[in-house]
Amino acid sequence: MPNSDYSKSDLVKALKKIGLKEGNLVFIHSSMFHLGRLENGNSSEKISRIVFDSFFEVLGPTGTLLVPTYTYSFCKGESFDVKNTPSSIGTFTEFFRNQNGAIRSADPIFSVSGIGPKSKKILSNLPKSCFGEDSVYDRITKLNGKLCLIGLGLSGATYRHYVDQKMNIPARFSKYFSGKILEDGNERTETWEYFVRYLSENCYPDPEVMEKNLKKANANNVWKKTKVGRGEILSINCIDFLKLMERELKKDPWFSVRGPPINTE
């Protein structure tokens, strides 16, 4: 690989090394740039295809892969078309949602797309709360799902906001957004709850602060991590991440944000 940093074979081996197996339920966040140059990945389309194929080589036909396809539509005062509104968070996520067999949740802010036998159960008939009880994140926890982060630390997992709401951290509050959803040729008006942060910089979900605090909490004992190319990938069981964050947020409700604490009441 004279002109590349890693290959598909390297990625597949790494996914297995961090504990991903056939039949697993996995929610991924990716920043492929941080891994460097992928062999035969001379376009975003080819990189996306190789990453997609690598995951399903490991998970097999009985595995389920979930990918964030967030749009923040209602937050921007826009309608959300489940089928056609593009993901706003990267080329791989948009590639994934357009694959055969992919289904997408009707969340007008944090939609998730999935492929695999558990996708419909997780993504259909959701409550109108992005991070509340019975949300996607609640469901994957109860189904023993895993998080996988490529080129990102645990602070890059949106799952953290599910725990934030569960613990009702003082840096955030419930805000309601309304708008129109287009699905299967029908249009409807809905109102969704989003546990947003206060605008103060103290409440910003700072990745550096959270990663530093996770290190202090010995979080490396509950995740599996390995090097790929120029970067790293990691996996953690959702229930383990939940327990870790609950424990630390009980000790310090400002554990995952910039701080210092302020009065938000």
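Number 122 in the UniProt record's numbering belongs to position 122 of the sequence shown; there are no gaps in the numbering. Note that the Cβ used here is the ideal one computed from N, Cα and C, for glycine as well. Please read all numbers here as calculations on a predicted model, not as lab measurements.
By a C-beta neighbour count over all protein chains shown, 10 Å radius and 16 as the cutoff for buried, is residue i buried or exposed?
i           : result
residue 208 : exposed
residue 24  : buried
residue 137 : buried
residue 124 : exposed
residue 266 : No information on residue 266 is available, as it lies outside the stretch 1 to 265 that the chain covers here.
residue 9   : exposed
residue 197 : buried
residue 166 : buried
residue 164 : buried
residue 101 : exposed
residue 146 : buried
residue 191 : exposed
residue 80  : buried
residue 213 : buried
residue 188 : exposed
residue 134 : exposed
residue 62  : exposed
residue 252 : exposed
residue 184 : exposed
residue 53  : exposed
residue 142 : exposed
residue 21  : exposed
residue 27  : buried
residue 33  : exposed
residue 108 : buried
Just reading off the beta strand (DSSP E) that residue i is part of, what are its end residues?
i           : result
residue 149 : 146 to 150
residue 29  : 25 to 30
residue 65  : 64 to 68
residue 226 : 224 to 228
Going by DSSP in three states, residue i sits in which element: helix, strand or coil?
i           : result
residue 118 : coil
residue 45  : helix
residue 155 : helix
residue 326 : Because residue 326 is not part of the residues shown, which for the chain are 1 to 265, the question remains open.
residue 95  : helix
residue 195 : strand
residue 136 : helix
residue 257 : coil
residue 50  : helix
residue 143 : coil
residue 126 : coil
residue 263 : coil
residue 240 : helix
residue 33  : helix
For the alpha helix (DSSP H) that contains residue i, what are its first and last residues?
i           : result
residue 209 : 207 to 216
residue 159 : 159 to 167
residue 232 : Premise fails: residue 232 lies in the beta strand (DSSP E), 231 to 237, not in any alpha helix (DSSP H).
residue 17  : 8 to 17
Candidates the options: which alpha carbon is nearest residue i's?
i           : options             : result
residue 239 : 226, 73 and 222     : 222
residue 215 : 4, 248, 233 and 226 : 248
residue 200 : 27, 95, 67 and 257  : 257
residue 75  : 176, 170, 149 and 6 : 176
residue 231 : 16, 19, 122 and 37  : 37
residue 94  : 69, 29, 118 and 21  : 69
residue 84  : 71, 77 and 90       : 71
residue 35  : 193, 11 and 45      : 11
With which residues is residue i paired in a DSSP beta bridge?
i           : result
residue 179 : 190
residue 81  : 182
residue 173 : 196
residue 112 : 68
residue 103 : 114
residue 20  : For residue 20, which the question treats as bridged, DSSP gives no partner whatsoever.
residue 38  : 6
Against chain C, does residue i count as a neighbour if the rule is that its beta carbon must be under 8 Å from one of theirs?
i           : result
residue 183 : In summary, chain C is missing from the structure at hand, where a single protein chain is found.
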